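Residue numbers (my numbering), protein chains in the order written: chain A, 234 to 444; chain B, 105 to 426.
Right under this line is the structure:
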């Protein structure tokens, strides 16, 4: 394993490159990970790669000691018992409520006339919490891919989704109506590893804070 | 024919039961050796009686009405029922009282490995033994119990439930912010805690201390030259450590950020960690104000071991060749 003696969960996907750059900075050898698209477990560097939303699962169970994941994933899986140690700053995205860019706003119209808005999302908990917090009635429709399609076909009036630049939303004629939260990459740790491997974790934390 | 059982419950068949029995019989023998007599209380109690426990945020998960319309609840732990038992059945007995239990408790959790909704706990309550002496005895019994079942890699994280509240009081943190900060701490969200602290507009050294203290954990080295409210907590923890035999002291690591989920803890708190399990397998602490709520004002300390978690940790250690 690496010099910290930690198993590190690394998300493939949008945070992948930045996370590997950070690990290089820490002196963890990522060359093999970069060269290999299909391999998942890299024993020499103590890295395991996975879907971003699986990172809290592995870290909570102790299958990985620490992990890198987005705040959006942590918000959606808020029941996971993991330490959230550091806001890493990169991978900033905004969780937004969006609807078809016409006037009047179809989502507001549905709420005004029907008292309930149908909302498609890959983040049902975040969406439900948001509408509950703001005292509005929503019917949450969970979809697994291309959320943008849902309001265009009349499945729903609005979506809750993560956006970095807003390009995909604009290309699909969707307008941001409300911002729910900003999500950046986070360093998380297993609660037992946080105690029993404190030295390695504090060293990683110190290096990342200094960066 | 498959007949379902409720989520978070399970059947135990003979192979597993033999292993569980071996564990609980060993634990029972250790408790007995240290003078802790075993008790059993009803699994269902009046909700109004359980609700006397202060600020317990493990509220009963299962409630039923009895034939008189009274609300009954399944106990969420054994500590609160035993506080009731002591006040009711031992109103005049000379302390200290030493009681142990091996019994099921019930919580509305997301069922996962080692955490079912019905789960078996083995533990002790030491009632009427104040301060470091009582805490040291509980830690001694805890380590003797874990040693006896053959767990080798475990450590006991020792912290103080009063530390962070005292720290916030010392820095005059506004009441509503305190609650939010304790919530972030309970959720283990140190990023959120740091954000809350920075919004307080405290002097830089005070803010730094509020952010740093939950991160302090490890050997005696972490109990450094802290001043003010931290020094009091550190002195209390050192006093406990000084009373421990070397083999128990060697198991203890300090953990100033330790926040246990149950609201009734008042002083020293501890969690048991084993490298073979991703979650604490047990824990406990002082609850000096709990028995007073039931009418017998005695300081107390206790711990509970999750038997399924201990079983999983033993099997994990075996698998890892420890």
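C-beta: ideal position from N, C-alpha, C; glycine also.
These figures come from a predicted structure and were not determined experimentally.
Taking DSSP's pairing of strands, which residues face residue i in a bridge?
i	result
residue 418 of chain B	DSSP, once it has assigned bridges, lists no residue as partnering residue 418 of chain B.
residue 225 of chain B	B:207 and B:410
residue 388 of chain B	B:374 and B:407
residue 244 of chain A	A:283
residue 148 of chain B	B:178
residue 216 of chain B	B:219
residue 125 of chain B	According to DSSP, which records beta bridges pairwise, residue 125 of chain B is partnered with nothing at all.
residue 434 of chain A	Answer by DSSP bridge pairing: none, since residue 434 of chain A is not bridged.
residue 247 of chain B	Paired residues: none, contrary to the question.
residue 230 of chain B	B:202 and B:405
residue 325 of chain A	Paired residues: none, contrary to the question.
residue 375 of chain A	A:354
residue 282 of chain B	Paired residue(s): none; residue 282 of chain B is not in a bridge.
residue 420 of chain A	A:301 and A:319
According to DSSP, is residue i helix, strand or coil?
i	result
residue 423 of chain B	helix
residue 312 of chain A	coil
residue 238 of chain B	helix
residue 425 of chain A	helix
residue 306 of chain A	helix
residue 440 of chain B	Because chain B is modelled from 105 through 426, residue 440 of chain B falls outside the range shown and cannot be assessed.
residue 355 of chain B	coil
residue 339 of chain B	helix
residue 335 of chain A	coil
residue 386 of chain A	coil
residue 141 of chain B	strand
residue 442 of chain A	helix
residue 354 of chain A	strand
residue 300 of chain A	strand
residue 253 of chain B	coil
residue 364 of chain A	helix
residue 291 of chain B	coil
residue 320 of chain A	strand
residue 398 of chain B	coil
residue 113 of chain B	coil
residue 275 of chain A	strand
residue 262 of chain B	strand
residue 239 of chain A	coil
Beta carbon of residue i, beta carbon of residue j: below 8 Å?
i	j	result
residue 405 of chain B	residue 233 of chain B	yes
residue 206 of chain B	residue 143 of chain B	no
residue 165 of chain B	residue 214 of chain B	no
residue 271 of chain B	residue 338 of chain B	no
residue 148 of chain B	residue 178 of chain B	yes
residue 368 of chain A	residue 247 of chain A	no
residue 421 of chain B	residue 257 of chain B	yes
residue 384 of chain A	residue 375 of chain A	no
residue 386 of chain B	residue 357 of chain B	no
residue 407 of chain A	residue 332 of chain A	yes
residue 378 of chain B	residue 224 of chain B	no
residue 440 of chain A	residue 318 of chain A	no
residue 347 of chain B	residue 327 of chain B	no
residue 250 of chain B	residue 242 of chain B	no
residue 266 of chain A	residue 235 of chain A	no
residue 363 of chain B	residue 290 of chain B	yes
residue 175 of chain B	residue 188 of chain B	no
residue 267 of chain B	residue 285 of chain B	no
By Cβ distance below 8 Å, which residues in the same chain neighbour residue i in space, the five residues on each side in sequence not counted?
i	result
residue 298 of chain A	239, 240, 241, 292, 422, 423, 426, 430, 433 and 434
residue 311 of chain B	301, 302 and 304
residue 247 of chain B	260, 351, 352 and 355
residue 194 of chain B	201 and 400
residue 132 of chain B	142, 204, 206 and 226
residue 445 of chain A	Residue 445 of chain A lies beyond the residue range present for chain A, which begins at 234 and ends at 444; the question has no answer from this structure.
residue 252 of chain B	130, 131, 133 and 134
residue 113 of chain B	220, 221 and 222
residue 111 of chain B	215 and 221
Suppose the cutoff is 7 Å on Cβ atoms and the five residues either side in sequence are ignored; what does the same chain contact list for residue i look like?
i	result
residue 239 of chain B	344, 372, 390 and 405
residue 304 of chain A	416, 417 and 419
residue 401 of chain A	381
residue 127 of chain B	253, 411, 414 and 415
residue 388 of chain A	353 and 374
So, at 6 Å on beta carbons, what are the nonlocal neighbours of residue i in its own chain, with the 5 sequence-adjacent residues on each side left out?
i	result
residue 138 of chain B	245
residue 306 of chain A	285 and 286
Relative to chain A, which residues along the region 352-369 of chain B have a C-beta separation below 7 Å, given in chain order?
357 and 359
For the region 292-326 of chain A, list every residue whose C-beta sits within 7 Å of some C-beta in chain B, in sequence order.
293, 294, 295, 312, 314, 315, 316, 317, 318, 319 and 320
Output needed in chain order: residues of the region 315-334 of chain B with a Cβ under 8 Å from some Cβ in chain A.
319, 321 and 322
Closer than 8 Å, Cβ to Cβ, to anything on chain A: give me those residues from the region 380-405 of chain B, in chain order.
381, 382, 383 and 384
May I ask you to list, following chain order, the residues of the region 424-441 of chain A that have a beta carbon less than 9 Å from some beta carbon of chain B?
424, 425, 426, 427, 428, 429, 430, 431, 432, 435 and 438
Just by C-beta distance, which residues in the region 408-421 of chain A are closer than 7 Å to chain B?
419
Chain A contacts from the region 253-274 of chain B (Cβ-Cβ distance under 9 Å):
257, 259 and 261
Interfacial residues, the region 214-247 of chain B to chain A, with Cβ spacing under 9 Å
214, 216 and 217
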